[in-house]
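**Student:**
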Amino acid sequence: MKKLLLSAVIAIFAMSNVNAQEVKFGAKAGVNFASLSGDDADGLDGRTSFHVGALAEIGISEKFAVQPELLYSSQGASFEDNNLKMDYINLPILAKFLVAEGFSIEVGPQVGFLISADAEGEDVKDAFKSTDFSGALGLGYKLESGLNFAARYNLGLGNIADGDGDIKNNVIQLSVGYFF
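Anchor point for the sequence shown: position 57 equals 173 in our numbering, and the numbering is continuous, going up by one each time.
(1) In terms of residue numbering, what span does the beta strand (DSSP E) encompassing Gln191 cover?
(2) Identify, in the order they occur along the chain, each residue of the same chain with its Cβ nearer than 6 Å to the Cβ of Val168, setting aside the five sequence neighbours on each side.
(3) Between Ala235 and Asp278, how many whole angstroms is the CB-CB distance? I'm expecting something under 8 Å.
(4) Leaving out five residues before and five after Glu222 in sequence, what residues of the same chain have Cβ atoms less than 8 Å from its Cβ?
(5) With Val240 as the anchor, note down where its beta strand (DSSP E) starts and where it stops.
(6) With DSSP as the reference, label Ile209 as helix, strand or coil.
(7) Do Ile299 and Leu230 have their C-beta atoms within less than 9 Å of each other?
(8) Do Asp203 and Gly281 have their beta-carbon atoms positioned less than 9 Å apart in this structure?
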């Protein structure tokens, strides 16, 4: 997993040095509407939480950019009167297609690293895999001032249950950010 992360970081820096028109850095934060799906996720409701982090926009051409992000994301689900709180460090690497002035479509892979899992005060991190893989698809709008807005859906591709079971993360994210 460390090799995958290192390879992604090297690829980002290599891309930023080759034909990059402009690199912008920024910060973002927003709300998560998280849920778990799969054969062993019946009876679970969604959980509303948050995400916060940093991002870069690496311009490749007038209509295309690469947007790597580093996010803290609180996810999980709720059931009956209990909450399952799962905290991840997520690294999405998005292809950003500029479709109209300020508007973009964003798509790409995301790897998440589980940093904690808690069910009503009990540590349940050992019940889940330490790495999560998902695909991200979203829309963005950026003002000339650098203020930007985004809506994204992260579809869990990998089973996060450690051992027997089938559970996947799914998260809708609404974000507000600023490019410096």
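Positions of the beta carbon are idealized from the N, C-alpha and C atoms, including for glycine.
**Tutor:** Let me spell this out:
(1) Looking up residue 191 in the sequence shown gives position 75. Unbroken beta strand (DSSP E) run through Gln191: 180-195.
(2) The residue given as residue 168 occupies position 52 in the sequence shown. Result list for Val168: Ala145, Tyr188, in chain order.
(3) Within the sequence shown, numbered from 1, the residue matching residue 235 stands at position 119. Within the sequence shown, numbered from 1, the residue matching residue 278 stands at position 162. Actually they do not touch by this definition, with Cβ atoms about 14 Å apart.
(4) Within the sequence shown, the letter at position 106 stands for residue 222. Gln183, Leu210, Ala211, Lys212, Phe213, Ala252, Leu253, Gly254, Leu255, Gly256, Ala266, Arg268, listed in sequence order.
(5) The residue given as residue 240 occupies position 124 in the sequence shown. That residue, Val240, is in no beta strand (DSSP E); it is neither H nor E in DSSP.
(6) In the sequence shown, the residue the question calls residue 209 occupies position 93. Strand at Ile209.
(7) Given a span of 117 to 296 for the chain in the structure shown, any question on residue 299 remains unanswerable.
(8) Here residue 281 is taken as the residue at index 165 of the sequence shown, counted from 1. Here residue 203 is taken as the residue at index 87 of the sequence shown, counted from 1. It is not a contact, given that the beta carbons lie outside the stated cut-off.
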